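Participant:
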Amino acid sequence: MTDYGLERLRQVLPLSPGSAEGAVLDLRTVAEAEAALGVRLPPDYLEFLAVYGAGTFNDFVSIAAPARVQVPGIEWYGSSIVEITGTFRHAVATEPWHAEVLGDGHSYIHWGMDGGGVYYLWRIEGASSAEWPVCLYSDDLTVLPYGMVEFLARACTDGLPEEQRRFRGSDHEFLHWQDEYRLVTEQLGDASYSGG
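Here it is as structure tokens:
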């Protein structure tokens, strides 16, 4: 068993004050995403969602919700795995240089993106989604032998090889998308902001 599971992540990645910890995992959006993608989403991703939800890690990496979330009074803010995977696969199909590295793109699920233009993916392989490695893709593809939660925990504790370290320092933060929406609309004074 790894020392980089969800409990380790919780120790090094606290939620922001006022964040939506313990928000009920929206099983409808999970089922919708799994049906649209034709796969079961990784269990550590679902565990992550149950603790943190979708949102932004270190104001740098956006972690997508499974599918569009319907919250009364709030316009959709952010992206869903279904949407960004579709966009990613379309880009791979239309740009030959992507296909040289990724094939047709259908072996990948896109779950996040960072401010540096790096795509955070799972590569679909093995008998279970629990076995899917995290892949980082920009100009080239880096396959890491970790799931998403282990990857994030390692990222917070310098447990990644030097070339994959994107999060420096010891102060890490996760901001749930609803809190990010609230903060942005308070700044703009306009609840019609739809993010993105």
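Just so you know, we're using full-length UniProt numbering here: the sequence shown kicks off at 1 and counts up by one. Note that CB positions come from ideal geometry on N, CA and C, so glycine has one too. These numbers were taken from a predicted model, which means no experiment stands behind them.
Could you check which residue in Ser80, Ser138, Asp114 and Gly117 has the C-alpha nearest to that of Glu100?
Facilitator: Within the sequence shown, numbered from 1, the residue matching residue 100 stands at position 100. Measuring from the Cα of Glu100, the nearest candidate turns out to be Ser138.
Participant: Return the Cβ separation of Leu37 and Ile109 in integer angstroms, given the expectation that the two are a contact with Cβ distance under 8 Å.
Facilitator: Taking the first residue of the sequence shown as position 1, residue 37 is located at position 37. Taking the first residue of the sequence shown as position 1, residue 109 is located at position 109. Correct: roughly 6 Å between the Cβ atoms.
Participant: To the nearest angstrom, report how far apart Ser128 and Thr85 are at their CA atoms.
Facilitator: Here residue 128 is taken as the residue at index 128 of the sequence shown, counted from 1. Here residue 85 is taken as the residue at index 85 of the sequence shown, counted from 1. Approximately 19 Å, taken between the alpha carbons.
Participant: Just to confirm the assignment, what range does the beta strand (DSSP E) spanning Phe174 have?
Facilitator: For the purposes of this step, residue 174 is identified with residue 174 of the sequence shown, where counting begins at 1. Where Phe174 is concerned, the enclosing beta strand (DSSP E) stretches over Phe174 to His176.
Participant: At the level of alpha carbons, what is the spacing between Phe57 and Val39?
Facilitator: The residue you call residue 57 lines up with position 57 of the sequence shown. The residue you call residue 39 lines up with position 39 of the sequence shown. Whole-angstrom Cα-Cα distance: 25 Å.
Participant: Fully enclosed by the segment 42–69, which beta strand (DSSP E) runs are 3 residues long or longer?
Facilitator: Listed in chain order, they are 55–57 and 61–63.
Participant: Express the C-alpha separation of Ile63 and Gly115 in angstroms, rounding to a whole number.
Facilitator: Numbered from its first residue, the sequence shown carries residue 115 at position 115. Numbered from its first residue, the sequence shown carries residue 63 at position 63. Going by the C-alpha atoms only, they are around 12 Å apart.
Participant: Taking the C-alpha atoms as reference points, what is the distance between Tyr45 and Ala153?
Facilitator: Along the sequence shown, read from residue 1 onward, the residue named residue 45 stands at position 45. Along the sequence shown, read from residue 1 onward, the residue named residue 153 stands at position 153. Tyr45 and Ala153: Cα-Cα distance of roughly 13 Å.
Participant: Kindly identify the DSSP beta-bridge partner or partners of Arg123.
Facilitator: Mapped onto the sequence shown, residue 123 falls at position 123. Note: Arg123 sits in a beta bridge opposite Tyr108.
Participant: State the Cα-Cα distance for the pair Ala91 and Thr29, rounded to the nearest angstrom.
Facilitator: Walking along the sequence shown from the start, residue 91 turns up at place 91. Walking along the sequence shown from the start, residue 29 turns up at place 29. Ala91 and Thr29: Cα-Cα distance of roughly 24 Å.
Participant: Out of Glu7, Trp111, Phe60 and Val51, which has the shortest C-alpha to C-alpha gap to Pro66?
Facilitator: The residue given as residue 66 occupies position 66 in the sequence shown. Checking every option, the nearest Cα to that of Pro66 belongs to Trp111.
Participant: Would DSSP call Leu6 helix, strand or coil?
Facilitator: Translated into positions along the sequence shown, residue 6 becomes position 6. Reduced to three states, the DSSP call for Leu6 is helix.
Participant: Could you say which of Gln187, Trp132 and Asp179 lies nearest to Pro42 if we only look at CA atoms?
Facilitator: The count along the sequence shown starts at 1 and reaches residue 42 at position 42. Closest option to Pro42, Cα to Cα, is Trp132.
Participant: One question on the structure: do Ala33 and Val69 come within less than 7 Å of each other, judged by their Cβ atoms?
Facilitator: Counting from one through the sequence shown, the residue named residue 33 turns up at place 33. Counting from one through the sequence shown, the residue named residue 69 turns up at place 69. No, these two residues do not count as a Cβ contact at 7 Å.
Participant: Between which two residues does the beta strand (DSSP E) carrying Thr142 extend?
Facilitator: Residue numbering aside, residue 142 sits at position 142 when the sequence shown is read from its first letter. It spans Leu141 to Leu144 - the beta strand (DSSP E) in which Thr142 sits, taken as one unbroken run.
Participant: Within 10 angstroms of the Cβ of Asp104, are there 16 or more other Cβ atoms? Answer buried if so, exposed if not.
Facilitator: The sequence position of residue 104 within the sequence shown is 104, counting from 1. When all chains shown are included, Asp104 counts as exposed.
Participant: Using the C-alpha atoms, what's the distance from Thr94 back to Leu25?
Facilitator: Looking up residue 25 in the sequence shown gives position 25. Looking up residue 94 in the sequence shown gives position 94. Rounded to the nearest angstrom, the two C-alpha atoms are 35 Å apart.
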